[in-house]
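Going by the numbering used here, the letters in the sequence shown line up with residues 539 to 817, in that order.
We put the beta carbon where it would ideally sit given N, CA and C, even for glycine.
Accompanying notes for the structure given below.
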Amino acid sequence: MVPVKFLAAASLLNVGLDYLLVVIIPYGIAGAAFATVFSQAIAGIGIAAYTYWKEPMLRLRVVKHRLTKGVYAEILRFSFAASAQQSVMNFGILLVQGLVNSFGSSVMAAFAAGVKIDTLAYMPAQEFGNTFSLFVSQNHGAGDHERIKKGIKSAVTVAMSFCIVVSGIVFCFARYLMMIFVNPQESEIINIGAGYLRVEGAFYCGIGLLFLLYALYRGIGKPETALLLTVISLGTRVILAYILSSFEQIGVVGIWWAIPIGWLLADITGIVKWKKHGW
Numbered sequence: 539m540v541p542v543k544f545l546a547a548a549s550l551l552n553v554g555l556d557y558l559l560v561v562i563i564p565y566g567i568a569g570a571a572f573a574t575v576f577s578q579a580i581a582g583i584g585i586a587a588y589t590y591w592k593e594p595m596l597r598l599r600v601v602k603h604r605l606t607k608g609v610y611a612e613i614l615r616f617s618f619a620a621s622a623q624q625s626v627m628n629f630g631i632l633l634v635q636g637l638v639n640s641f642g643s644s645v646m647a648a649f650a651a652g653v654k655i656d657t658l659a660y661m662p663a664q665e666f667g668n669t670f671s672l673f674v675s676q677n678h679g680a681g682d683h684e685r686i687k688k689g690i691k692s693a694v695t696v697a698m699s700f701c702i703v704v705s706g707i708v709f710c711f712a713r714y715l716m717m718i719f720v721n722p723q724e725s726e727i728i729n730i731g732a733g734y735l736r737v738e739g740a741f742y743c744g745i746g747l748l749f750l751l752y753a754l755y756r757g758i759g760k761p762e763t764a765l766l767l768t769v770i771s772l773g774t775r776v777i778l779a780y781i782l783s784s785f786e787q788i789g790v791v792g793i794w795w796a797i798p799i800g801w802l803l804a805d806i807t808g809i810v811k812w813k814k815h816g817w
């Protein structure tokens, strides 16, 4: 809970610095960038200091460790898969953002606000997935596969229940949620953003399940599979977004539909591979 408090404090600091360095002192994009980096640095330092003083077992000590080649190879494998996964995600997001930008400023503004609402809506499911990864890895290391099976059922039940509730809220109150970030007089932007949320936000179960699959495969020591699911999800999203939006009858709505379709295909792939795993 303490790291969460540091992150929450850093978020508040980020908001305050954004206001100071963008509104009061007009440093523009550079001010916003500095506020973000500075706030994250403060959070990192705070968490590191707390860990050092309160968790003696996690303190770094200058001692001689003999790491085998197998340990180095495993660290390298996990590090490469994790970094590649993040790179693929960000590259795919950039490609989609470029396509969105081609539809004009109103669509750009609506998409930006919609993405912020998305982040707030499914962030708990994402963090639940991170926690689930720890559960799986601990039981996998202990060889307790039956407990992992039971944990999967419980995790899916909790995550899907949450996503269904959040999807219902976002679908029903899409216009009001858009007004958090957009002036109520900007009716065109609000309409476009509400349309985005009612398509993409209705399928949060797709990304909620995908977070669990990422966690599951990382937990059992198969980060390459998590990377594969990311490639399928983002690759499908980008390809379908460009194809569907090119039809005049579909337009920008094709970009919205490409997102849940990408989630669905990645989910199916992850489930099929898990069935073949044989547990």
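Give the secondary structure of residue i by DSSP, where H, G and I count as helix, E and B as strand, and everything else as coil.
i	result
A680	coil
E724	coil
M717	coil
E786	coil
I707	helix
P564	coil
G744	helix
G667	helix
G792	helix
K760	coil
Measure the CB-CB distance between residue i and residue j and report whether it falls below 8 angstroms.
i	j	result
G746	M716	no
I793	V561	no
R775	I797	yes
L735	G652	yes
N668	A753	yes
L550	I580	no
I707	V720	no
A740	R713	no
A620	F749	no
I799	H678	no
S783	V790	yes
W812	S771	no
Y742	C701	yes
L751	L767	yes
P761	F670	no
Y590	R597	yes
A779	V634	yes
V769	V553	no
Assuming residue i contacts residue j under a Cβ cut-off of 8 angstroms, what Cβ separation, rounded to an integer in Å, is found between them?
i	j	result
I563	V645	Their Cβ separation, rounded to whole angstroms, is 31 angstroms, which puts I563 and V645 out of contact at 8 angstroms.
A570	D556	6 angstroms
Y660	V704	7 angstroms
V696	F673	Not really, about 12 angstroms apart at Cβ, beyond 8 angstroms.
A547	L559	Between L559 and A547 the Cβ distance is about 18 angstroms, and since that is not below 8 angstroms, they are no contact.
Every unbroken beta strand (DSSP E) within the region 566-641, with a cutoff of 3 residues, ordered by chain: Here no run is fully enclosed.
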